[in-house]
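Undergrad: One structure coming up, written as structure tokens, with questions to follow.
Number of protein chains: 4
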Amino acid sequence: MSNVFGEILRVATFGESHGPAIGAVLDGVPPGLHLDLRFVQRELDRRRPGTSDLVSARRERDRVRVLSGVFEGVTTGAPICLVIGSRDARPVDYEPLRDRFRPGHGDWTWWAKYGVRDWRGGGRLSGRETAARVAAGAIAKLLLGPLGVDVAAQVIEIAGIAAVRRDAAVAARSPLCCGDLRAAARMATAIRRAKAAGDSVGGIVEVVATGVPPGWGDPVFGKLDARLGGALLSIGAVKAVEFGDGFALARMRGSEANDPLTPRGPASNHAGGILGGISDGAPIVARVAIKPTSTIDIEQDTIDVGGRPARIRARGRHDPCIAPRIVPVAEAMVALVLADAALRQEALRAFSPPVP
Amino acid sequence: MSNVFGEILRVATFGESHGPAIGAVLDGVPPGLHLDLRFVQRELDRRRPGTSDLVSARRERDRVRVLSGVFEGVTTGAPICLVIGSRDARPVDYEPLRDRFRPGHGDWTWWAKYGVRDWRGGGRLSGRETAARVAAGAIAKLLLGPLGVDVAAQVIEIAGIAAVRRDAAVAARSPLCCGDLRAAARMATAIRRAKAAGDSVGGIVEVVATGVPPGWGDPVFGKLDARLGGALLSIGAVKAVEFGDGFALARMRGSEANDPLTPRGPASNHAGGILGGISDGAPIVARVAIKPTSTIDIEQDTIDVGGRPARIRARGRHDPCIAPRIVPVAEAMVALVLADAALRQEALRAFSPPVP
Amino acid sequence: MSNVFGEILRVATFGESHGPAIGAVLDGVPPGLHLDLRFVQRELDRRRPGTSDLVSARRERDRVRVLSGVFEGVTTGAPICLVIGSRDARPVDYEPLRDRFRPGHGDWTWWAKYGVRDWRGGGRLSGRETAARVAAGAIAKLLLGPLGVDVAAQVIEIAGIAAVRRDAAVAARSPLCCGDLRAAARMATAIRRAKAAGDSVGGIVEVVATGVPPGWGDPVFGKLDARLGGALLSIGAVKAVEFGDGFALARMRGSEANDPLTPRGPASNHAGGILGGISDGAPIVARVAIKPTSTIDIEQDTIDVGGRPARIRARGRHDPCIAPRIVPVAEAMVALVLADAALRQEALRAFSPPVP
Amino acid sequence: MSNVFGEILRVATFGESHGPAIGAVLDGVPPGLHLDLRFVQRELDRRRPGTSDLVSARRERDRVRVLSGVFEGVTTGAPICLVIGSRDARPVDYEPLRDRFRPGHGDWTWWAKYGVRDWRGGGRLSGRETAARVAAGAIAKLLLGPLGVDVAAQVIEIAGIAAVRRDAAVAARSPLCCGDLRAAARMATAIRRAKAAGDSVGGIVEVVATGVPPGWGDPVFGKLDARLGGALLSIGAVKAVEFGDGFALARMRGSEANDPLTPRGPASNHAGGILGGISDGAPIVARVAIKPTSTIDIEQDTIDVGGRPARIRARGRHDPCIAPRIVPVAEAMVALVLADAALRQEALRAFSPPVP
């Protein structure tokens with residue numbers, strides 16, 4: 015159940031960092047959708063490593079291949095299997111990690127849970143797993159597009175340096191996926207400095223979904239923010255999520271926090287586009303905190319597979335800051351949740367009285 | 015799907031604010047558990063309204079009744095239905111809300127979604143719904159107890175006033191569920207002041223689960239923090255959640271954020287007890303931001319059911335600050351997620367090689 | 015998971031034979047449906063015991079009460095809790111069964127599974143559990159009605175006596191739910207004869223759903239016949255199910271078995287209205303085999319709770335033939351599966367190209 | 015949801031008849047299992063076409079490849095992706111079926127449902143889809159083996175010719191998977207005769223699972239027979255299923271049908287190893303009816319994609335009788351259901367009082 019996501023649009027992912035391939039099977043994609051494979055590939059290219067000195071040096075072409083569910087370029091209603099082969103697997107880099115666990119990483123908890131592990135590059139816990147999410151999320155975006163829904167994320171803080179501007183066009187061209195050129199320059203410096211010290215830094219990513227009509231999401235356990243929050247927290251390294259004004263709402267009064275309603279929708283957006291777990295027509299705004307990469311080139315205390323004290327220092331090809339590479343992944347998870355919510359809502363609508 | 019929660023331990027809840035009853039059906043509770051009904055009742059009493067001038071004046075005895083699944087005081091493996099009757103329903107209080115929507119409340123989004131609504135006290139969107147969660151969570155706590163797992167929450171901030179101490183014994187006796195007497199006194203003043211102004215305030219609740227062994231939770235989509243986060247965000251008024259150092263991790267370096275591993279477990283707890291989505295043996299620590307109650311006694315802009323501009327001012331019996339009453343609800347949701355994770359882990363263990 | 019059924023329309027049932035109440039929670043019922051409670055009650059009356067000498071003498075009024083999800087007679091989108099109180103519980107009748115297991119009954123397997131049991135009247139394994147299914151199924155029928163779908167079952171065989179005619183109007187008035195008056199008379203004689211001998215007989219029930227449009231159901235694991243078959247086999251005492259010509263198809267040639275297609279739909283109906291797991295527009299026809307009631311007034315070999323050999327003879331108020339009382343239950347399960355399929359199909363349709 | 019199966023052990027399958035590959039992703043396989051790939055391959059070889067003149071002439075090597083979830087030959091707890099490439103795809107054979115639907119086949123209902131179809135060899139509705147089930151089922155068998163559970167099926171009837179003997183060793187070597195050599199010879203003749211006439215025949219397959227301990231399966235909706243029945247009915251061409259004496263039970267008296275209980279388990283097995291939906295320790299016995307292959311070389315009435323009357327005659331490489339090839343598929347589905355039930359039961363057991 016751990017590797018299957020969604021209710022009506024259901025995604026199963028698979029694959030380890032240094033296995034032959036990773037991929038996803040999407041069940042529940044409506045038929046008749048033109049599957050624009052170039053778009054899927056472009057989305058994958060956005061999270062690919064090896065593109066600048068600010069991210070991991072691992073080089074993967076991340077070519078996606080469709081094994082099923084598409085006929086003459088169009089989805090048929092059958093499950094879609096997407097596979098991405100791995101090329102630049104260098105498990106030898108990880109030999110030193112074979113019998114010791116990286117602090118701050120899932121290495122040890124996986125071992126505690128399963129008693130067996132693929133130690134090569136984190137195995138299933140590797141960030142490489144997210145390529146399958148991005149491929150699946152691209153299909154969700156293709157579903158959402160005709161509904162007028164757009165999902166876009168950007169880095170808004172790295173190493174404590176906050177972006178002031180949030181220019182989407184700037185973010186799209188920025189290696190740090192940041193919409194503020196000036197802040198991005200300072201962030202780059204901070205990342206390089208941390209990298210030089212063998213260390214890493216964290217950041218904050220903001221995702222905004224526009225065009226979601228009122229009425230998506232469900233009350234009680236299926237609240238849209240609950241589902242989005244769970245989806246975003248399922249991304250490795252994400253340790254916090256907030257909607258709208260988030261933690262700042264805890265310090266407001268009701269009279270400040272409430273978004274007045276107008277015939278054209280909410281007049282402000284403290285709530286981040288969701289009230290009572292249901293979209294209110296305003297943009298959906300979520301922010302996630304990303305911890306600094308746990309794999310660092312600094313010696314730390316740890317234990318080995320025998321439970322004995324040990325020291326560890328990792329020299330692999332790691333991202334000194336994972337935040338920019340989480341941007342497309344966060345978009346993918348939000349798109350998957352929204353597409354699922356859209357399909358659920360359509361199921362209701364067919365039987366319901368017209369909303370006034 | 016919206017009102018069913020969990021995978022192996024599955025809870026379905028039902029009931030509206032001013033309907034005849036609310037309740038929960040728990041499926042998957044293992045047999046042979048002594049169902050201590052007094053404990054369940056005590057948990058319900060903790061979230062009951064009408065207990066001080068700081069919370070809603072609605073008076074409900076919230077007596078829980080067991081309709082099934084228990085025989086001679088012991089669970090049988092059959093589903094357990096818990097029902098809590100409503101007595102002090104005063105729908106007349108809500109007449110003014112019949113055709114207008116409260117800003118900041120789910121009133122309007124429910125209407126936009128369903129086109130039909132029970133306008134009495136928020137219907138299904140009322141905080142009263144959480145009584146069913148607390149009753150179900152009490153049973154989860156009874157399951158977790160013998161495993162040595164304890165779940166306890168407290169208010170750590172209200173109206174911007176932060177608790178310095180976190181004394182559980184103090185919190186247990188505090189009407190504000192706050193473990194810092196001095197801070198609690200200031201919080202009470204802030205609440206009364208907001209109430210006098212017809213306004214409301216928000217706060218922060220921290221939940222800590224101790225005794226969770228390493229190995230609970232699942233990788234990828236079923237991460238323990240993803241499930242806990244989704245569960246906590248499904249509570250009305252919760253708009254943000256963070257684990258361990260949460261948003262502060264975004265500003266740390268890896269060398270600070272990583273918890274060194276020792277033969278006795280993690281030496282620090284920046285991660286909040288979860289790594290790679292799997293518990294690491296340290297206490298699980300989550301914090302949630304609670305927005306100020308949206309129903310306030312101040313006139314606000316809104317729309318009516320015809321979509322026309324209107325003004326609204328709510329005079330019902332509302333909590334000027336909902337944070338203290340969320341304390342047992344947050345505990346309940348965490349207990350439900352953990353009990354489910356425990357059952358999942360046991361299913362794996364029976365087939366697995368012994369962990370060294 | 016055992017007591018929750020369905021995907022989009024999800025039903026959780028609860029209750030034991032001699033507990034205070036049984037009931038169901040339905041999640042996913044679309045809003046705006048007029049909930050005709052008299053219809054639900056009439057459906058329950060159809061399966062009520064104590065109505066003739068051919069069924070159990072237990073007398074239950076089986077009054078259904080709605081605890082949630084309905085406002086001013088209309089569904090709101092919130093979960094609907096239906097509760098049916100028990101009155102004529104006479105657990106004392108079952109005292110002799112307290113420490114011995116009835117052969118052919120789930121008494122022993124429940125004990126083997128759970129190690130705890132409510133021995134009063136079979137507890138959760140009692141046929142009384144099906145009242146909750148019938149109540150839930152009635153709501154599914156209310157959903158299907160406006161779509162032109164009708165679900166009707168009748169007894170077509172008891173004690174080896176087969177009905178020749180299948181007159182629905184006759185069946186509706188027959189205490190044996192049989193559409194062939196002449197056969198019904200012979201069935202009644204066979205039942206009385208078995209009863210006089212302390213024994214019981216089995217039978218066959220046929221369910222027909224008319225008006226299902228082509229396109230309901232899903233390929234592969236979610237085939238409509240797989241879902242219907244699983245649903246029907248979940249009814250106690252049902253040990254076999256067949257669709258269309260069923261087992262007889264195994265003896266046909268393809269040229270006989272294939273239903274020719276015409277512009278107005280299939281020209282015959284060997285397939286029972288389902289091809290490739292998807293409805294083909296012809297009536298859906300399913301038959302279930304019902305074993306003779308296991309509780310009989312004849313001494314049999316068994317074991318006691320200590321695993322020691324014992325003898326048992328049950329004198330409670332049992333149905334000498336359960337087939338007629340399964341008629342409304344089979345309809346309910348088929349209606350629940352079809353309503354769920356209808357909702358799933360609508361979710362797809364909203365995104366799909368128009369079918370030529 | 016249509017292509018995902020199981021609860022704790024969850025399988026997602028994908029792939030079309032003439033696409034590049036078919037496969038399965040298994041989530042929830044416990045770690046530490048030696049994945050004997052040669053065994054998986056042998057199971058696949060059992061359902062492979064092209065092995066005799068009695069089955070389809072299509073030649074596929076059906077080589078299975080593991081893309082994930084296994085490290086150094088052992089499962090890690092990560093999802094296992096199995097892929098089987100297709101070689102002998104000859105879509106050109108199906109050109110005549112491009113715009114006309116085969117009677118008795120899902121061709122038309124898929125079209126009615128989705129409005130888009132992969133017409134090459136039935137696309138997703140092809141029997142080739144079952145290779146993924148067999149591969150997944152092989153892993154379920156590897157899980158069940160150490161628990162002492164064995165699942166074996168054989169053909170017991172073809173074209174109305176019933177096997178008298180059920181010798182498993184004979185069945186294993188028989189091209190018709192039949193345990194009665196003499197009957198098998200007559201069946202072969204009947205198949206060849208039908209084939210010569212361009213026609214097809216049906217049959218009956220019996221699956222027996224031995225070694226299942228008492229206590230697997232769940233009451234109410236999750237009955238073991240409900241789950242097994244649903245799983246078996248999800249196999250294309252299966253139109254009926256019965257457990258134990260099945261339809262014959264409808265003609266027995268309770269005193270005949272009840273299996274007396276002894277300290278060593280049930281003394282007979284009319285119930286087919288399941289009582290009240292829970293295994294009773296006796297062998298689980300299920301039989302499925304398989305309709306004659308719908309694709310025949312005889313002209314039939316049908317419609318074209320424009321809904322106009324047409325004639326069709328199929329000349330592809332079809333099985334004149336699909337029953338023998340369903341043998342490993344039926345075993346796979348039973349093994350998947352049982353492995354899932356085993357995992358569910360273990361989850362309960364860890365928390366339950368010891369069963370006496």
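Residue numbers (this note's numbering), protein chains in the order written: chain A, 15 to 370; chain B, 15 to 370; chain C, 15 to 370; chain D, 15 to 370.
For glycine and all other residues, C-beta sits at the position ideal for the given N, C-alpha and C.
Tell me, please, which residues DSSP counts as bridged to Thr89 (chain D).
TA: In the DSSP output, where bridge partners are listed per residue, Thr89 (chain D) has D:Val84.
Undergrad: In this structure, does DSSP put Ser269 (chain C) in helix, strand or coil?
TA: Helix.
Undergrad: Considering only residues of the same chain and omitting the five flanking positions on each side of Pro93 (chain A), which have a CB-CB separation below 7 Å?
TA: Only Val39, Leu40, Asp41, Ser82 and Gly83 meet the Cβ criterion.
Undergrad: Is the distance from the Cβ of Pro44 (chain A) to the Cβ of Thr90 (chain A) below 8 Å?
TA: Against a cut-off of 8 Å, the Cβ pair of Thr90 (chain A) and Pro44 (chain A) comes out as no contact.
Undergrad: Just by C-beta distance, which residues in the stretch 84 to 96 of chain D are closer than 8 Å to chain A?
TA: Residues Phe85, Val88, Thr89, Thr90, Gly91, Ala92, Pro93, Ile94 and Cys95.
Undergrad: Check each residue of the stretch 122 to 138 of chain A: if its Cβ is closer than 9 Å to any Cβ of chain D, include it; give the result in chain order.
TA: For the stretch 122 to 138 of chain A, which is checked against every Cβ of chain D, the residues closer than 9 Å are Trp124, Lys127, Tyr128, Gly129, Val130, Arg131, Asp132, Trp133, Arg134, Gly137 and Arg138.
Undergrad: Just by C-beta distance, which residues in the stretch 256 to 269 of chain C are closer than 7 Å to chain D?
TA: Taking 7 Å as the Cβ-Cβ cut-off against chain D, the residues of the stretch 256 to 269 of chain C that qualify are Glu256, Phe257, Gly258, Gly260, Phe261, Leu263, Ala264, Arg265, Met266, Arg267, Gly268 and Ser269.
Undergrad: Who are the near neighbours of Gly279 (chain B) in its chain, counting only those whose CB is closer than 8 Å to its CB and skipping five residues on each side?
TA: So the qualifying residues of the chain are Pro228, Asp294, Gly295 and Ala296.
Undergrad: Which chain D residues sit within Cβ distance under 9 Å of Leu362 (chain B)?
TA: Correct list: Ile22, Gly42, Pro44, Pro45, Gly91, Leu357, Glu360 and Ala361.
Undergrad: State yes or no: is the beta carbon of Gly250 (chain A) nearer than 8 Å to at least one beta carbon in chain D?
TA: No - not a single Cβ of chain D is within 8 Å of the one on Gly250 (chain A).
Undergrad: Output the boundary residues of the beta strand (DSSP E) element that contains Thr224 (chain C).
TA: Gly217 to Thr224 is the span of the beta strand (DSSP E), which, as asked, contains Thr224 (chain C).
Undergrad: Would you tell me roughly how many angstroms separate the C-alpha atoms of Glu57 (chain D) and Leu157 (chain D), rounded to the nearest one?
TA: C-alpha separation (whole angstroms): 15 Å.
Undergrad: Apart from the five residues just before and just after Trp125 (chain C), which ones in its own chain have a Cβ nearer than 6 Å to its Cβ?
TA: Cβ neighbours of Trp125 (chain C) beyond the five flanking positions: Arg131.
Undergrad: Which term fits Val387 (chain C), buried or exposed, when burial requires 16 or more other beta carbons within 10 angstroms of its beta carbon?
TA: Residue 387 (chain C) lies beyond the range of chain C shown here (15 to 370); nothing can be said about it.
Undergrad: Tell me whether Val54 (chain D) sits in a helix, a strand or coil according to DSSP, three-state version.
TA: If DSSP states are grouped into helix, strand and coil, Val54 (chain D) belongs with the helices.
Undergrad: Return the Cβ separation of Val78 (chain A) and Ala154 (chain A) in integer angstroms, given the expectation that the two are a contact with Cβ distance under 8 Å.
TA: Incorrect: roughly 15 Å between the Cβ atoms, too far for contact.
Undergrad: Is any beta-carbon of chain B found at less than 8 Å from that of Ile170 (chain A)?
TA: With 8 Å as the cut-off, Ile170 (chain A) does not count as an interface residue toward chain B.
Undergrad: At a CB-CB cut-off below 9 Å, which residues of chain A make contact with Arg241 (chain B)?
TA: Per Cβ cutoff of 9 Å: Gly244, Leu247 and Ser248.
Undergrad: Say whether the stretch 255 to 275 of chain B touches the stretch 194 to 210 of chain B, bearing in mind that this needs 3 or more beta-carbon pairs closer than 8 Å, one atom from each stretch.
TA: In short, these stretches do not touch, since the Cβ pair count stays below three.
Undergrad: Between which two residues does the alpha helix (DSSP H) containing Arg147 (chain B) stretch?
TA: Thr144 to Leu158 is the span of the alpha helix (DSSP H), which, as asked, contains Arg147 (chain B).
Undergrad: Out of C:Arg60, C:Cys95 and C:Val88, point me to the one whose CA is closest to Phe28 (chain B)'s CA.
TA: Answer by Cα proximity: C:Cys95.
Undergrad: According to DSSP, which residues form a beta bridge with Cys192 (chain A)?
TA: A:Val169, per the DSSP bridge assignment.
Undergrad: Spell out whether any CB of chain D is found under 8 Å from the CB atom of Pro110 (chain A).
TA: No - not a single Cβ of chain D is within 8 Å of the one on Pro110 (chain A).
Undergrad: For Arg358 (chain C), count neighbouring C-beta atoms within 10 Å of its own C-beta (all shown protein chains included) and say buried if the count is 16 or more, exposed if not.
TA: Answer is buried; the Cβ neighbour count reaches 16.
Undergrad: I'd like to know whether the C-beta of Phe19 (chain D) is nearer than 8 Å to at least one C-beta of chain B.
TA: No - not a single Cβ of chain B is within 8 Å of the one on Phe19 (chain D).
Undergrad: Would DSSP call Val69 (chain A) helix, strand or coil?
TA: DSSP places Val69 (chain A) in coil when its eight states are reduced to three.
Undergrad: Rounded C-beta distance between Gln314 (chain D) and Ile326 (chain D)? I'm assuming under 8 Å.
TA: Contact flag correct, Cβ pair sits at about 6 Å.
Undergrad: Listed in chain order, which residues of the stretch 150 to 181 of chain A have Cβ atoms closer than 9 Å to some Cβ of chain D?
TA: Residues passing the 9 Å Cβ filter: none.
Undergrad: Would a C-beta distance cut-off of 8 Å place Gly290 (chain C) and Pro233 (chain C) closer than the cut-off?
TA: Yes, the Cβ-Cβ distance between Gly290 (chain C) and Pro233 (chain C) is below 8 Å.
Undergrad: According to DSSP, which residues form a beta bridge with Ala26 (chain B)?
TA: Paired residue(s): B:Val18 and B:Val39.
Undergrad: If we count Cβ pairs, one from each stretch, closer than 8 Å, do we get three or more for the stretch 136 to 152 of chain A versus the stretch 186 to 199 of chain A?
TA: Contact fails: fewer than three Cβ-Cβ distances are below 8 Å.
Undergrad: Kindly indicate which three-state DSSP category Leu49 (chain A) falls into: helix, strand or coil?
TA: Three-state result, Leu49 (chain A): coil.
Undergrad: In angstroms with no decimal places, state the Cα-to-Cα distance between Val369 (chain C) and Ile298 (chain C).
TA: Low local confidence applies: a pLDDT of 49 at Val369 (chain C) is under 50, so the model's placement there is unreliable, and no value is given.
Undergrad: With 16 other CB atoms within 10 Å as the buried threshold, where does Arg60 (chain D) fall?
TA: Arg60 (chain D) is buried by the Cβ-count criterion.
Undergrad: Can you say whether Arg301 (chain D) is buried or exposed, counting buried as having 16 or more other CB atoms within 10 angstroms of its CB?
TA: So Arg301 (chain D) ends up on the buried side.
Undergrad: Determine the extent of the beta strand (DSSP E) in which Glu256 (chain D) is found, giving its start and end residues.
TA: Run containing Glu256 (chain D): Val252 to Phe257, per the beta strand (DSSP E) assignment.
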